Amino acid sequence: MSSSKKVYTKDEWQRKLNEVKIRKSDMNRLVMNYFVTEGYVEAAEKFYKETGTEPDMDLGTITDRMEVRKAIQCGNVQDAIEKVNDLNPEILDTNPQLFFHLQQQRLIELIRSGKVEEALEFAQEELAPRGEENHEFLQELERTVALLAFEDTSSCPVGDLLDVSQRQKTASELNAAILTSQSHEKDPKLPGLLKMLIWVQKQLDEKVSYPRINDFATAALEDPAT
Amino acid sequence: MVAPANNSANVVADALTLYDFGPKRAADDDEMEEEEEAPTHINTKRSLQFLVVSVDKLSAKYTGDGKHANDVGAIQGNRPAPVRRLLYYFEIYIKDRGNRGTISIGFTDEHFKTTRQPGWDPNTYGYHGDDGYLYYRGNGHGEPFGSTFQTGDTVGAGINYSSQEIFFTLNGKLVGSRHKDVKCPLYPSVGMHSPNERVDINFGQNPFVFNIEALVHEEREKLRMEIEALHLPLSISHSVVRSYLLHYAYQETLHAFDATSGSMVPAVLLNNQVNGDKMIEEESYAFEHRKKLRQLIRNGDINGAIAQLEIWYPQLLQDETLRIKFLLDCQQFIELIKVGSLEAAVKHAQEKLANLMGVGLYQTLLQDCIALLAYEHPKESPVGHLLMLGQREAVADAINSAILITDPSLPSSRSSPQSTLEKLLRQLTACHTEKWKLNGGQGEMFRLHRVLRGKEGPW
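Okay, structure coming up:
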């Protein structure tokens with residue numbers, strides 16, 4: 011099928027790319043924002059030293075936030091909850107969903123370490139009452155308790171709950187809530203801009219044919235589709 | 122004059138352009154972008170029949186008989202609706218619906234006849250108060266749209282440039298919208314057609330009844346959610362940042378980043394960089410040399426940097442255009458000023474810089490450097506930015522680029538090397554600009570530095 015779409019050759023497109031002005035200071039700021047939001051304190055300090063780019067938040071508060079994160083990633087959920095409450099008790103008070111996810115993570119850790127009785131007691135006393143208030147919580151609770159029914163959790167349908175990525179998910183949710191409570195954006199800007207690039211390339215596809223960047227790791231220009 | 126003979130010439134030309142857009146001047150970019158002027162009052166320069174306009178040009182009253190198709194009294198705003206924004210909007214207040222309530226509100230092009238109702242002719246849109254119909258496309262047929270207008274009503278008309286729609290409101294509530302099928306400039310317009318009809322027009326000089334900020338917010342949120350929902354592998358940002366640190370040889374940061382990465386992100390999430398390896402190899406080229414030179418320049422040790430370059434890359438200092446040499450000589454001059462060694466600075470200028478006076482490419486930087494001598498407190502002077510850390514970084518970046526280009530594995534045609542991050546940001550901006558142009562230059566322009574400063578939503 012022939013299309014009347016305009017086609018930009020690589021050379022034509024390259025000229026357009028060359029016209030774009032990107033400031034070094036803007037790129038430095040993006041990188042600094044990534045370090046700070048993702049919690050790379052030492053990298054942020056060194057980057058400040060090497061480039062003079064000011065961090066957009068107090069580096070001291072990052073350390074506290076990272077300790078909370080580390081606690082979750084190591085499976086010490088109770089420890090993380092205490093640390094968050096030390097930081098700002100309102101964070102958990104005002105986020106019932108987050109609090110539920112933390113309790114759920116705690117249950118997962120109990121099951122992981124084989125403490126069946128303790129896990130059941132915890133589920134019944136702490137989690138079940140919350141499930142009654144919220145249908146979504148109840149389903150999550152049932153899914154989690156189902157872990158107990160399988161001897162070999164590696165092949166069971168809810169086995170993903172025991173995966174590292176589940177800890178990662180909970181840790182990220184908590185991290186975002188702490189950032190929001192510090193009136194800082196919860197996500198770094200860089201992935202947002204990269205998603206924007208996916209979006210705008212898709213939008214432009216509808217109107218013209220041009221060299222896309224498909225592989226963001228190399229940023230190589232593809233040949234335009236004709 | 123010296124012609125750019127090889128790649129390193131481009132690199133330094135880039136550095137000098139970079140200088141033109143350096144920290145001092147860059148701050149003014151936003152202001153330099155001319156603000157589009159919005160309509161502020163009724164255009165009384167057009168011949169207006171069958172109505173009278175108030176002295177402040179914000180109210181109108183119908184004075185005709187309202188008996189024929191061509192004795193409409195219509196008015197337009199003094200300027201077309203501005204287009205380089207997300208939305209344009211204005212309102213009218215129906216002071217008196219008159220005998221028949223034949224008041225209309227909408228948008229018209231520059232050829233619009235002021236004795237016709239908006240919506241009757243091509244390139245015009247009008248929401249009519251007598252029947253509540255919307256008229257557009259100039260085929261004379263309206264379609265049922267909303268309520269009729271009563272005395273005391275506030276009616277609004279707007280353009281959403283992002284969705285390319287014309288929309289209307291009544292007493293603060295959205296009535297509906299239609300696709301805007303014309304790209305020409307559109308003027309806010311009002312038509313009246315029966316005795317005693319009177320309207321006040323609000324071009325934004327007073328608060329609107331309709332919550333336009335909420336609509337702007339809603340539009341931005343919609344877009345933000347759409348973009349946020351897209352899938353991006355977790356490892357990509359990490360790899361883009363890492364490759365940036367390699368590219369510019371920020372060794373200490375890279376070291377700290379790598380040291381913590383392991384404990385921050387599970388290794389499984391980082392190991393799927395399929396094509397990243399080749400990139401890392403490219404970015405790692407001559408890392409130790411680039412790192413050392415950056416450190417020397419950052420510490421202001423320009424002689425040390427020149428000495429190392431003479432050992433590692435003598436060709437860069439001897440290339441016929443002497444551009445790298447020039448940048449370093451300028452920086453050396455700046456460093457001497459910085460520590461207050463004025464005599465040494467003057468001597469250095471006479472020996473190394475004087476013979477370059479008058480060479481086109483070098484003029485701006487050279488003149489600014491020399492100008493440092495004229496001020497008792499150069500730091501507070503208009504050229505004070507030269508004494509800041511950013512200038513050292515710009516010089517270090519130029520040398521970094523010049524070295525990267527000597528990588529024999531690169532295609533020889535390649536001009537100034539760019540980090541992955543820079544390439545992605547260029548593509549992002551170019552795509553947005555292209556999309557905006559295809560949209561007839563309507564809607565908000567994407568400006569990266571504004572997005573970064575959080576002044577706008579997704580844009």
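Residue numbers (the working numbering), protein chains in the order written: chain A, 11 to 236; chain B, 122 to 580.
Just so you know, even glycine gets a beta-carbon here, dropped at the ideal spot from N, CA and C.
Just so it is clear, the structure is predicted and the values come from calculations on it, not from any experiment.
Buried versus exposed call for residue i [16 or more other C-beta atoms within 10 Å across all chains shown]
i	result
Thr229 of chain B	buried
His249 of chain B	buried
His232 of chain B	exposed
Met313 of chain B	buried
Thr180 of chain A	buried
Pro538 of chain B	buried
Thr485 of chain B	exposed
Met122 of chain B	Its pLDDT being 33, under 50, Met122 of chain B is placed unreliably in this model, and the value from its coordinates should be taken loosely. Answer is exposed; the Cβ neighbour count stays below 16.
Asp450 of chain B	buried
Ser530 of chain B	exposed
Arg547 of chain B	buried
Residues near residue i by beta carbon distance below 8 Å, same chain, minus five either side
i	result
Leu508 of chain B	Ile455, Ile458, Lys459, Leu493, Pro499 and Lys500
Val17 of chain A	Val218, Ser219, Tyr220, Pro234 and Thr236
His410 of chain B	Gln429, Trp433, Tyr434 and Ile524
Val467 of chain B	Leu494
Arg425 of chain B	Per the sequence shown, the amino acid found at residue 425 of chain B is Gly instead of Arg. Closer than 8 Å at Cβ, skipping near neighbours: Leu417.
Glu152 of chain B	Residue confidence for Glu152 of chain B is low, a pLDDT of 42 falling below 50, so the modelled location carries little weight and cannot support an answer.
Close beta carbons around residue i, own chain, < 6 Å, minus the five adjacent residues each side
i	result
Pro306 of chain B	Pro201
Gln452 of chain B	Ile423 and Val516
Arg79 of chain A	Ala181 and Asn185
Arg299 of chain B	Ile287
Ser315 of chain B	Gly187, Gly219, Asn220, Arg221 and Thr223
Lys473 of chain B	Asp450
Ile213 of chain B	Ile226, Val276, Val311, Val320 and Ile322
Residue i at chain B interface by Cβ criterion, 9 Å
i	result
Glu60 of chain A	yes
Pro125 of chain A	The identity of residue 125 of chain A in the sequence shown is Lys, whereas the question assumes Pro. So, not an interface residue.
Lys39 of chain A	The question names Lys, but residue 39 of chain A is Arg in the sequence shown. By this cut-off, Arg39 of chain A is an interface position.
Pro198 of chain A	yes
Gly202 of chain A	yes
Asn144 of chain A	no
Met206 of chain A	yes
Glu55 of chain A	yes
Leu27 of chain A	yes
Ala229 of chain A	yes
Leu214 of chain A	yes
Lys34 of chain A	yes
Under the three-state DSSP convention, the category residue i falls into
i	result
Arg167 of chain B	coil
Leu353 of chain B	coil
Ile526 of chain B	coil
Asn281 of chain B	strand
Met42 of chain A	helix
Arg568 of chain B	coil
Met67 of chain A	coil
Asp321 of chain B	strand
Leu507 of chain B	helix
Thr19 of chain A	coil
Residue-chain proximity (residue i, chain C), Cβ-Cβ < 9 Å
i	result
Asp89 of chain A	No chain C is part of this structure, whose protein chains are labelled A and B.
Min CB distance residue i to chain A below 9 Å
i	result
Tyr365 of chain B	yes
Val516 of chain B	no
Gln372 of chain B	yes
Asn392 of chain B	With a pLDDT of 48 at Asn392 of chain B, under the threshold of 50, the modelled position of that residue is not reliable, and the figure given next carries that caveat. False, the Cβ-Cβ gap to chain A never drops below 9 Å.
Thr381 of chain B	yes
Leu525 of chain B	no
Ile445 of chain B	no
Phe233 of chain B	no
Phe378 of chain B	yes
His553 of chain B	yes
Sequence-distant residues of its chain with Cβ nearer than 7 Å to residue i (five each side left out)
i	result
Leu295 of chain B	Phe288
Leu336 of chain B	Leu208
Leu117 of chain A	Ala129, Phe132, Ala133, Leu137 and Thr154
His469 of chain B	Gln453, Phe454 and Leu457
Gln113 of chain A	Glu136 and Leu137
Glu431 of chain B	Leu438
Ile108 of chain B	No answer is possible for residue 108 of chain B: the residues shown for chain B start at 122 and end at 580.
Q: Could you pull out every unbroken beta strand (DSSP E) segment of at least 3 residues lying fully inside the region 226-278 of chain B, listed in chain order?
A: 246-249, 254-257 and 263-265
Q: Kindly provide the ranges of any beta strand (DSSP E) runs that are 3 or more residues long and lie completely inside the region 176-219 of chain B, ordered along the chain.
A: 180-183, 194-197 and 208-217
Q. Unbroken alpha helix (DSSP H) runs of length 4 or more, entirely within the region 426-467 of chain B: which are they?
A. 435-439 and 444-459
Q. Which ranges does the beta strand (DSSP E) cover as unbroken runs of at least 3 residues, wholly within the region 129-155 of chain A, from first to last along the chain?
A. none
Q) Hey, which unbroken runs of the beta strand (DSSP E) at 3 residues or more fall wholly within the region 187-235 of chain A? A) none
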